[in-house]
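S.K.: This is the structure, below, for whatever I ask next.
Here it is, written out as structure tokens:
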């Protein structure tokens, strides 16, 4: 499950992508339109600035804007910056691997095998999608014709 911080980060970056090349967007405008607490948003955007994803501009006409074109910012990268991993369980993480407590040895654990497959398929999808992609608010159900 995505943390609240990760969800806020994605929404803030989507907002900046919608305003790409239109000049800096004020922090208060992002916070209000995306329903993100201002204080939390300040921390998030500072972290994204340190990572080179956004730029900040001080002053009366200042604000935040993407440091890269939306097409170059993948959802997988955003989530990895926030969480460190796309894995749902620690033993399936590439970047933060830990042996699960109270589990079978990894070579015998079919749940781990399932989670590795899920991690790889999720990563492939999230690494294909960028902030430039138009994403429906309710995509069609996969099982529907």
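In my numbering, the protein residues as written are 13 to 157.
By construction, the Cβ of each residue, glycine as well, lies at the ideal position given by its N, Cα and C atoms.
Examine the Cβ distances between the stretch 98 to 107 and the stretch 120 to 129 and report whether three or more of them are shorter than 8 Å.
M.R.: Yes: the two stretches touch, three or more of their Cβ pairs being nearer than 8 Å.
S.K.: Within 10 angstroms of the Cβ of residue 142, are there 16 or more other Cβ atoms? Answer buried if so, exposed if not.
M.R.: Indexing the chain shown from 1 puts residue 142 at position 130. Buried, because 16 or more other Cβ atoms sit within 10 Å of the Cβ of residue 142.
S.K.: Taking a contact to mean a Cβ-Cβ separation below 8 Å, would you say residue 158 touches residue 76 in this structure?
M.R.: There is simply no residue 158 to check, as the chain begins at 13 and stops at 157 in what is shown.
S.K.: Report the residue ranges of all alpha helix (DSSP H) runs contained in full by the stretch 81 to 138; include only those spanning at least 4 residues, in chain order.
M.R.: The qualifying runs are 87 to 95.
S.K.: By Cβ distance, which residues of its chain are closer than 6 Å to residue 144, with the 5 residues on each side in sequence left out?
M.R.: Stepping through the chain shown from its first residue, residue 144 is reached at position 132. Hits under 6 Å: 82, 83.
S.K.: In terms of residues, what are the limits of the alpha helix (DSSP H) holding residue 66?
M.R.: As a first step, residue 66 must be located in the chain shown, where it is residue number 54. Careful: residue 66 lies outside any alpha helix (DSSP H), inside the beta strand (DSSP E) at 66 to 69.
S.K.: Quick one: measure Cβ to Cβ for residue 17 and residue 94, integer angstroms, because I've assumed they're closer than 8 Å.
M.R.: Counting from 1 along the chain shown, the entry for residue 17 is found at position 5. Counting from 1 along the chain shown, the entry for residue 94 is found at position 82. The pair is a contact, with the Cβ atoms about 6 Å apart (cut-off 8 Å).
S.K.: From the DSSP output, in three-state form, read off residue 149 for me.
M.R.: Against the chain shown, residue 149 aligns to sequence position 137. Residue 149 falls in the coil class under three-state DSSP.
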